[in-house]
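Step one of this worksheet: look at the structure below.
Number of protein chains: 2
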Amino acid sequence: MYRVYGDMLSGNCFKIKLLMQWLGIEHEWIHVDIMASETHTDSFLSMNANAKIPVLELGTSQYLWESNAILNFLAEGTPYLPESGLLRAQVLQWQFFEQYSHEPYIAVARYINKYLGLPADRAAEYHAKQVGGHKALAVMERELSRSAFFVGSSPTISDISLFAYTHVSHEGGFSLESYPSIQAWISRLKALPNYVEMSRENG
Amino acid sequence: MYRVYGDMLSGNCFKIKLLMQWLGIEHEWIHVDIMASETHTDSFLSMNANAKIPVLELGTSQYLWESNAILNFLAEGTPYLPESGLLRAQVLQWQFFEQYSHEPYIAVARYINKYLGLPADRAAEYHAKQVGGHKALAVMERELSRSAFFVGSSPTISDISLFAYTHVSHEGGFSLESYPSIQAWISRLKALPNYVEMSRENG
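Residue numbers (numbering that gives the first Met the number 0), protein chains in the order written: chain E, 0 to 202; chain Y, 0 to 202.
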């Protein structure tokens, strides 16, 4: 049985929970407290030298990290990941967009606000993150105004990747008022059977 | 025939050139000048709304962006990308590591230094980037001290992704003196047949 080391309130970890729920993959969830530096212990670093959650434990001494790599591994052979060709590459295109152009703004602003309580010495950084976050939201809005999901005509792991931090972006100070297509897409994903709320009780 | 919109001096673009060279994929290279805002014209934005190079043109109105997504697309079915399972997911693990924990430090420090000439108002940011860059290099060194390549026993696109900015990291102020395994890995990749130098003349 898989073990997932993570925190349900982290969007990167929530991605894994949501896919596992939708695919009915049994697993054990081990809560890791990043505020208590639990990703920097020797035992954690032996699983992921990059000191980040989530980590997927596959078996004795086999670990996979990076949320989007874990999603690709788990979704192989399911409707959440096209088998090959351009559609499969487009899933990755949106996942790399998420990690480079979305997460560093929206997730980091949320972290500064929600986890750290928006301290004065991070206020300038927090406000600077708003610009990049809205750029990413505008790119998403443009795409979602033309199609119900990011790749193909049904949900894929690219939707899961972008949903994770977007659906809680208000916690980072982002209003989705000017993004009607994003709002509709969020509702569409939340309405799917077996949707799980981002809450530590569901970990 | 493929068209690539890019700049050979950008590591993200160089990745595509190197793989195409190693696989013998014919293509036309279209130089894009980011300093002249050529990624922000209407015609460029219609290819990639996220306004970044590289972009791969596959045919009439079909475009793929994000360097690592393009690599996965081109490498499908070749020795540079394991067919499935954990090895394939590990390739992605290292590529997401590159985009989140490596590029934003090493490539951005290089950009501030090489493209902008290290202006005074970016000096603090440049120096802050050194810390994150060395963290990434330490994670790479640990892995490469145990194996010749990042995934499996031969070069994959994960090596190409990490090589692109690492082999010119001195241009961002990073010395590789304390990373003997990274140095050996760079020499190993450069010695492969059909290696191409990162130069605009080779675009």
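Backbone N, C-alpha and C define an ideal beta-carbon position, used for all residues, glycine too.
Keep in mind the model is a prediction, meaning the values are calculated, not measured.
Item                                                                                                                  : Value
Residues that Pro81(Y) contacts on chain E, provided the C-beta gap is smaller than 7 Å                               : Within chain E, no residue comes near Pro81(Y); the closest Cβ sits about 12 Å away, beyond 7 Å.
Entirely enclosed beta strand (DSSP E) segments - the region 96-181 of chain Y, minimum 3 residues                    : none
Cβ of Trp28(Y) within 8 Å of any chain E Cβ                                                                           : no
C-alpha distance - Thr155(Y) paired with Leu80(Y), whole-angstrom precision                                           : 6 Å
Residue-chain proximity (Gln98(E), chain Y), Cβ-Cβ < 8 Å                                                              : yes
C-alpha gap between Leu44(Y) and Thr59(Y), whole angstroms                                                            : 15 Å
Amino acids of chain Y, ordered along the chain, whose beta-carbon sits closer than 8 Å to that of Val138(E)          : Ala48 and Asn49
First and last residue of the uninterrupted beta strand (DSSP E) at Leu63(Y)                                          : Gln61 to Trp64
Host beta strand (DSSP E) of Leu57(Y) (start-end)                                                                     : Val54 to Gly58
Cβ-Cβ distance between Ser168(Y) and Ile111(Y) below 8 Å                                                              : no
Where the beta strand (DSSP E) through Ile29(E) begins and ends                                                       : His26 to His30
Positions along the region 114-144 of chain Y whose CB lies within less than 9 Å of some CB in chain E                : Lys134, Ala135, Ala137, Val138, Arg141 and Glu142
Close-in-space but distant-in-sequence residues of the same chain around Val107(Y) (CB under 7 Å, 5 per side omitted) : Lys128
Proximity of Tyr114(Y) and Leu55(Y) at Cβ, strictly below 8 Å                                                         : no
Alpha helix (DSSP H) segment containing Gly5(E), residue limits                                                       : Segment Tyr1 to Gly5 is the beta strand (DSSP E) holding Gly5(E); no alpha helix (DSSP H) there.
CB contact check: Phe95(Y) to chain E, cutoff 8 Å                                                                     : yes
Contact belief for Phe95(Y) with Ala68(E) at Cβ below 8 Å, rounded distance in angstroms                              : 6 Å
Ala190(Y), DSSP secondary structure in three states                                                                   : coil
Bounding residues of the alpha helix (DSSP H) (the contiguous stretch that carries Lys16(E))                          : Gly10 to Leu22
Residue environment, Gly23(Y), which counts as buried when at least 16 other CB atoms sit within 10 Å                 : exposed
Local conformation of Thr203(E) per DSSP, three classes                                                               : Outside the shown range of chain E, which is 0 to 202, sits residue 203(E), and nothing can be said about it.
Closest by C-alpha distance to Asp158(E), when choosing among Gly131(E), Asn11(E) and Met7(E)                         : Asn11(E)
Amino acids of chain E, ordered along the chain, whose beta-carbon sits closer than 9 Å to that of Pro103(Y)          : Tyr99 and Pro103
Classification of Met34(E) by the beta-carbon crowding that lies within 10 angstroms, buried from 16 upward           : exposed
Proximity below 8 Å, CB of Gly132(E) to CB of Gly171(E)                                                               : yes
Burial state of Arg199(Y), where buried means 16 or more other Cβ atoms lie within 10 Å                               : exposed
Contact check, Ser160(E) vs Glu75(E), beta carbons under 8 Å                                                          : no
Beta-carbon proximity of Leu86(Y) to Ile15(Y), cut-off 8 Å                                                            : no
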